[in-house]
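Worksheet: the structure to be examined is printed underneath.
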Amino acid sequence: MAKGRVTERRGKIPAYIQVASALRRRIESGDWQPLQQISTLEELEQEFQVARVTVRQAVDLLENEGLVTRKQGRGTFVNEHVNDKRWLQLATTWDGLLASIRDNVPRYIRVPNPPAFPRLAEGEGKPASSYVFLRSVQMKDGTPFGVVNVHLARDIFEKAREEFTKHTVLPVLAMVEGLEIRDATQTMVIGTADRETAELLQVSLSAPTAECRCVVIDADGVAVYVADITYRSDCVKLTIDLLEGLKRQQKDGRRTRQKAA
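Per full-length UniProt numbering, numbering through the sequence shown is continuous, rising by one, with the last residue being 261.
Right, dumping it as C-alpha cells:
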C-alpha cells in the first residue's frame, strides 16, 4: 500500500482534507476491503506526520460520508456497502448530456455586473449580437456539486424566458422551435476552486475541480450557448467506451447485409 505523507499544505487545502482524500482512495481502490479495519489513529498520525486531531478530523469526514464506522473499543471499519460518491457521469454524447442534466433543479444567483460577452476560442463560433448571463448552483440532496455560468444568446432567451429561468438551460435550448444546431462541443480540464467557487461548492480554497466548457453553435455559426461549469472533483467520473466506433461500424455492417439479403 502506498504511503501518503502530508509534509505541507497544497495551496490552502487543510491537512485533514488531504489525509481524508488519501484514505478515501484506499477504500475506493479496494486497498481497504468492506468490513476491514483501517489503520489506527496512531498509525495514521505517524504515517502522515500530522497531529492526532488532524487524523480524527479526516476520519470524521469519512464517517460522515458513509465510508467508515467507528466501533467503541474495536477501531474503525470500512462499511459493507459504500455509496459511489462519484455519481455524476460526464456525458460524451449530446443525448447523454441532455438526459444527465434534464432533471437538475438549478438555484440561480444574481450577478451584479456580469460579463457582456463570453470568451470564444478559435473554432467556437462567432458571438451573438447580445447575450443573457445566467449563473446557478446545481444541487443534489441539498449539497452543491456544480457552479454553472452560461452566456445564452438573447434572442434565444426571449423565446422561452420563463423556462430558461426555472430549469437547466441546455435541455430547454434543445427544445427551442426553429433552432438548428450545427455543432456542440464539451471540453473538460482539471482545475482548482477560487474563493467564490469554493464558497458556493462548500469546498476548501484550491480544492481540485473538474471544469467543463460546453459550446453550442447554430446553423449560422453563432455561439448561442456558452457554459463554463465547475464541478466538485469528488462527485465526477468520466467513462468512455473505447470500442464505440467499432461497435457502430459492426452494427451498420449488419444492417447493410440485412438489406442486401
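For every residue, glycine included, the Cβ atom is placed at its ideal position computed from N, Cα and C.
Taking C-alpha positions only, A198 is separated from G191 by approximately 12 Å. Inclusion of R107 and S130 in the CB contact set at 8 Å is not warranted, their separation being larger than that value. The region 155-175 and the region 199-206 do not touch, with fewer than 3 CB-CB distances between them shorter than 8 Å.
Following the DSSP letters along the chain, one finds Q72 in no alpha helix (DSSP H), marked with neither H nor E.
In this structure, V215 lies near T185, with their beta-carbon atoms less than 8 Å apart. Take the alpha-carbon of E162 and the one of I17: they are about 41 Å apart. The region 107-121 makes no contact with the region 61-75: fewer than 3 CB pairs, one atom from each, lie closer than 8 Å. Positions of the beta strand (DSSP E) runs, each at least 3 residues long and wholly inside the UniProt domain "HTH gntR-type" (13-81), are given as 68-71 and 75-78 in order along the chain.
Minimum Cα-Cα distance from P144 among the listed residues E180, F157, I229 and D218 corresponds to I229. Distance from the Cα of Q37 is smallest, within the candidate group S206, S100, T76 and M188, for T76. Spatial neighbours of E180 in its own chain (CB-CB distance under 8 Å, excluding positions within 5 residues in sequence) are listed in chain order as D218 and A219. When DSSP reads this structure, L152 sits in a beta bridge with V132 and Y225. If the five residues before and after R52 are omitted, its C-beta is found closer than 7 Å to the C-beta atoms of L41 and E45, all from its own chain and listed in chain order. Setting aside the 5 residues that flank it on each side, C235 is surrounded in the same chain by K85, R86, W87, L88 and F145, each with a C-beta closer than 7 Å to its C-beta; the list follows chain order. For the set Q138, G123 and F157, the Cα lying nearest the Cα of N104 is the one of Q138. Residue burial is scored here from C-beta neighbours: L134 has at least 16 other C-beta atoms within 10 angstroms and is therefore classed as buried.
M175 is not a Cβ neighbour of A210, given a cutoff of 8 Å.
Residue range W94 to I101 is occupied by the alpha helix (DSSP H) that includes I101.
When only Cα atoms are considered, L152 and V224 end up about 6 Å apart. Exposed is the label assigned to T92, since fewer than 16 other Cβ atoms lie within 10 Å of its Cβ. At least 8 Å separates the beta-carbon of K126 from that of G245.
As a beta-bridge residue in DSSP terms, Q186 pairs with C214. The Cβ atoms of A193 and A207 lie closer than 8 Å to each other. Inclusion of S204 and P14 in the CB contact set at 8 Å is warranted, their separation being smaller than that value. Closest in alpha carbon position to Q57, among A20, I27 and V68, is A20. DSSP, reduced to helix, strand and coil, places L88 within a strand of the structure shown.
Here L23 is buried: its Cβ has 16 or more other Cβ atoms, across all protein chains shown, within 10 Å. Checking the DSSP bridge columns, you'll see M139 partnered with P144.
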